[in-house]
Structure formats: C-alpha cells, structure tokens
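Numbering of the sequence shown is given in my numbering, commencing with residue 308 and proceeding in unit increments. For glycine and all other residues, C-beta sits at the position ideal for the given N, C-alpha and C. Report on the following structure.
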Amino acid sequence: MPALNFQKRFAPLVESGEKRQTIHGGADKMVNLSKKLDRVFSEYIRRRDCVQGTQFGHCITCGRLVPWKYADAGHYIKRQHKATRFDPQNVNLQCKSCNCFEQGANEKYKIAIDWKWGSGTAEKLEQRKRNRTDYRDWWYAEKIKEYQVKIKEMEDA
Ligand SMILES: [Zn+2]
C-alpha cells in the first residue's frame, strides 16, 4: 500500500499548496480509474436493465426497447455530482435519444425512478447529490472489481 501511505503523508502539504506537483501522478491515476469505473458501471447498468434472458432493455423514460450495447446509462442526477454518480438507482438504461436530445427527460425520469425504485427515491437522490465525497484510488479499484464480478455473473446467467 505505498500509494496510500504516500497520500496520507503528503495530504496536509498538498492542501496547504506546498506539494502541488508531487500529487500530479496520483491525480492522473484517479482520473484513469474514474474513467474505467464509468465504463464498467455503465455496462453493468445497461446489462442489469435488460429484459431477462435478452440483450434488450426498456428506456427508463420513453419505454422503447433498445439493445443494451446501443443504449446509454443515463443519470437522473447529472454526472457532475460525484455523490450520486455511481449510485445504481440514479443510473438506468436509457435510449440515446432521451439521454442526449431531451436532456435526460428529467420530469419523466423523476416519475420513472420512483416507479422503479420506490416512491421517494428521486427526492432521496436530490438530497444526497451535494454530499461531500472523498473517493480515493482504492475506492475506485474496489468498485471496478465489484462491477466486473457482477457483469461476469450476468454473462454466465
Ligand atoms: Zn428513450
């Protein structure tokens, strides 16, 4: 765990601005891990939302049946909110048209999310979106592993 110790040791210096440069490699690593998790998490969501035994899922907002490979993993609370970015209730299979051209079809999405995950879910996500997050590289690595396992299970099912 040398990376972790490194971060702990230098965190105060980095915060005070004295050590800005040394963390650069670490920041790049985090960005890469975050991108990889985006990819793995998106695949998990799109496969999860397929009609059982098929490669197709219903778009959360328009209901159209689309192959998961050509669908998006659409966020209800937008991706820039880190606290809900990887919340499996906040992200659902969505057709590209709803996700890209209707700005996520947010009003419909709100209704659909409560229908799918229970009433009050949209509200709960709204409240959580600004929560402080402190994701470290190990957190991303763990999540990547977790979702890779879930994908494997779905592939084998
Ligand atoms: Zn749609």
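- Task: Look at the alpha carbon of Leu400 and the alpha carbon of Cys366, and state the distance between them as a whole number of angstroms.
- Result: In the sequence shown, counting from the first residue as 1, residue 400 sits at position 93. In the sequence shown, counting from the first residue as 1, residue 366 sits at position 59. Distance between the alpha carbons of Leu400 and Cys366: 6 Å.
- Give me the Cα-Cα distance between Ile420 and Lys336, rounded to the nearest whole angstrom. Walking along the sequence shown from the start, residue 420 turns up at place 113. Walking along the sequence shown from the start, residue 336 turns up at place 29. Those two C-alpha atoms are separated by around 33 Å.
- Message: If you follow the alpha helix (DSSP H) that Asn413 is in, where does it begin and where does it stop?
- Response: Start at 1 with the first residue of the sequence shown, and residue 413 comes out as number 106. Asn413 -> alpha helix (DSSP H) spans Asn413 to Trp424.
- Message: Per the DSSP calculation, Cys357 is bridged to which residue(s)?
- Response: Position 50 of the sequence shown holds residue 357. DSSP, once it has assigned bridges, lists Gly364 as partnering Cys357.
- Where does Asn438 fall in DSSP's three states? Start at 1 with the first residue of the sequence shown, and residue 438 comes out as number 131. Coil.
- Query: Are Leu340 and Tyr447 touching if we call contact CB-CB under 8 Å?
  - Reply: Locating residue 340 in the sequence shown gives position 33, where the first residue counts as 1. Locating residue 447 in the sequence shown gives position 140, where the first residue counts as 1. Yes, they are a contact pair.
- Could you have a look at Leu320 and say whether DSSP puts it in helix, strand or coil? Position 13 of the sequence shown, counted from the first residue, corresponds to residue 320. Note that Leu320 scores 48 on pLDDT, short of 50, meaning its location in the model is unreliable; the coordinates nonetheless yield the value given after this. It is helical.
- Message: Less than 7 Å separating the Cβ of Arg353 from some heavy atom of ligand 1?
- Response: On the sequence shown, position 46 is the one that residue 353 refers to. No; taking the cut-off as 7 Å, the Cβ of Arg353 has no heavy atom of ligand 1 nearer than that.
- Message: Considering only heavy atoms of ligand 1, does any lie closer than 7 Å to the CB of Ser404?
- Response: Within the sequence shown, residue 404 is the residue found at index 97, counting from 1. Yes; taking the cut-off as 7 Å, the Cβ of Ser404 has a heavy atom of ligand 1 nearer than that.
- Query: What does a CB cutoff of less than 8 Å around Arg439 pick up in its chain, not counting 5 residues either side in sequence?
  - Reply: The residue you call residue 439 lines up with position 132 of the sequence shown. Same-chain partners within the cutoff: Ala390.
- Item | Inter-stretch contact at 8 Å, needing at least 3 Cβ pairs: the segment 361 to 380 / the segment 426 to 434 | no
- Message: How far does the alpha helix (DSSP H) with Gln455 in it extend, from its first residue to its last?
- Response: Sequence index remark: in the sequence shown, residue 455 carries index 148 (1-based). Segment Asp444 to Asp463, the alpha helix (DSSP H) holding Gln455.
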